[in-house]
Amino acid sequence: VGLPPGAKDSYYTQPGSPYNEASIRPRVNIGDLDAAKGGGRPYKSEKWAERLRTPEEKLALEKEKMDVVNRAVEAEKKAAARRKMMMASRGAGTVSGA
């Protein structure tokens, strides 16, 4: 219908068509779970990184997160104890009417 021989059908040349080579963007990976071993498990988002992790890797990450939380809780407990001791060392204040 007026197209030169060898030209693609107009349906395939529409912008946004999945068949139009100009509309197909290459996948961009943001990381690789096996980068230390030479690659093999690239991922395009953190969601996919989570999906690709093995149960052992997920447990290790969860343990690491819990260690960080426990260290923060312990540090806050020590700071609270120091604050309590500092307030106690100030005395009970003055007693009115004595």
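For this note's numbering, count along the sequence shown from 1 and bump the result up by 95. Cβ atoms here follow ideal geometry from the backbone N, Cα and C, with glycine treated the same way.
Next item on the list: Determine contact between the segment 160-178 and the segment 141-152, defined as no fewer than three beta-carbon pairs at a distance below 8 Å.
Entry: no
Item checked: Identity of the residue in 171, 138, 111 nearest residue 125 by Cα -> 138
Check: So what's residue 137 in DSSP terms, helix, strand or just coil?
Finding: strand
Checklist line | Chain-order list of residues whose beta-carbon lies under 8 Å from that of residue 127 (same chain, five-residue window excluded) | finding: 134, 135, 136, 137, 138
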